[in-house]
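Trainee: Got a structure here, written out as structure tokens. Questions coming.
2 protein chains.
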Amino acid sequence: MARAATTADAFNAVAEPRRRQILDALAGGELPVNRIVAVLGLGQPQVSKHLRVLREVGAVEVRSEGRQRLYRLNGEALKPIHDWVKEYERTWTERLERMDEVLEELKSKEQGDGSDDSQR
Amino acid sequence: MARAATTADAFNAVAEPRRRQILDALAGGELPVNRIVAVLGLGQPQVSKHLRVLREVGAVEVRSEGRQRLYRLNGEALKPIHDWVKEYERTWTERLERMDEVLEELKSKEQGDGSDDSQR
DNA sequence: TTGACATATTCCGATATAGGTATATATTGC
DNA sequence: GCAATATATACCTATATCGGAATATGTCAA
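In the order they appear, the protein sequences are chains V and E.
Counting in my numbering, the first sequence runs from 571 upward without gaps.
Counting in my numbering, the second sequence runs from 571 upward without gaps.
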């Protein structure tokens, strides 16, 4: 048994660039699948599969209209991501964090050469 | 030629629950690898590999101190995620969106009864 | 019914990657 | 030098999953 346990959550859904593109497209309003296909320039089955993933995490909802399936955004499914990342926002907004960073750097230089090797 | 092009970006890095755990642990301050191993209850090589991914997207930085490698958070690497998801925040905060949703529903009901589209 | 259209599902092959084990590298102390 | 500690890397296996092609399902019109 390897590979993590198929985390079918919002984080995973959104990790795929195509799926973010789909959500971005739906931000302008409800769209049928063939419009999304046109926007992404991807095959129709692939789009349907991405839509399924998005549906499973609740990020989109569907309604049928004739032979069309109209997808609409449900941004609330992205709330966990927003909540999680929001906690880190202060890291790049507060000046105090910068000061702390500089102090750490100085400290490590003082103690020897250990200041670099951050790259490989 | 299949499978998407190895998106080594912040979205991908954070899609892994273990890596979010690591970042959460580092939110409290700099930690050596063995502390992270203890927190996660995962093997040391696995943790090192996760740390490498996080380093490659800039979400963490390292400095050496003796034989230890002290990892610290760099929240700014998460800014793209924050910026992206922020756009969707209004979806679940604004009331107007709800109204729009209801209107859409009503419209679809209206259109549902007609057997031909001549009255559209 | 037949056929056209719209979308979903199934099967396939290629690749990415998580975790596991063993090993390599680096630092410290003897 | 050698041993111990701390971490990183290499190799392996199992699985997840992307894109592609073929096919199935569903809806409408003639």
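From the three backbone atoms N, C-alpha and C, an ideal C-beta is built for every residue, glycine too.
(1) Buried or exposed for E/R633, going by 16 or more other Cβ atoms inside 10 Å?
(2) Tell me whether the beta-carbon of E/H578 lies closer than 7 Å to the beta-carbon of E/A647.
(3) Using 10 angstroms around the beta-carbon of V/L621, count the other beta-carbons present and answer buried if the total reaches 16, otherwise exposed.
(4) Take every Cβ of the segment 605–619 of chain V, pair it with every Cβ of the segment 604–611 of chain E, and state whether three or more of those distances are shorter than 8 Å.
(5) Could you spell out the range, first to last residue, of the alpha helix (DSSP H) harbouring E/L643?
(6) Reducing DSSP to helix, strand and coil, say where V/D686 ends up.
(7) Per DSSP, V/P602 forms a beta bridge with which residues?
(8) If E/L593 sits next to E/L640, beta carbons under 8 Å apart, how far is it from one beta carbon to the other, in whole angstroms?
(9) If you run the structure through DSSP and keep just helix, strand and coil, what is E/V609?
(10) Identify which residue in V/R588, V/E635, V/E631 has its Cα closest to the Cα of V/Q692.
(11) Name, please, each residue of chain E whose Cβ falls closer than 9 Å to the Cβ of V/R590.
(12) So what does DSSP say about V/V627, is it helix, strand or coil?
(13) Kindly list, in the order they appear in chain V, the residues whose Cβ is closer than 8 Å to that of E/I651.
(14) Assuming E/K656 contacts V/W662 under a Cβ cut-off of 8 Å, what Cβ separation, rounded to an integer in Å, is found between them?
(15) Please work out which residues of its chain come closer than 7 Å, Cβ to Cβ, to V/A595, disregarding the five sequence neighbours upstream and downstream, and give them in chain order.
Mentor: From the atom records:
(1) Looking at its Cβ environment, which holds 16 or more other Cβ atoms inside 10 Å, E/R633 is buried.
(2) The residue you asked about is not His; residue 578 of chain E is Ala in the sequence shown. Not closer than 7 Å, so no.
(3) buried
(4) The segment 605–619 of chain V makes no contact with the segment 604–611 of chain E, as fewer than three CB pairs between them are under 8 Å.
(5) First-last for E/L643: 638–643, but that is the beta strand (DSSP E), not the alpha helix (DSSP H).
(6) The predicted model places V/D686 with a pLDDT of 41, which falls under 50 and marks its position as unreliable; any figure quoted below should be read in that light. V/D686 falls in the coil class under three-state DSSP.
(7) V/L640
(8) Rounded, the Cβ-Cβ distance is 15 Å, inconsistent with contact.
(9) helix
(10) Nothing in the structure corresponds to residue 692 of chain V, since chain V is present only between 571 and 690.
(11) F581, W654
(12) coil
(13) I651, V655
(14) With a Cβ gap of about 13 Å, E/K656 and V/W662 do not count as contacting.
(15) L601, I606, V609
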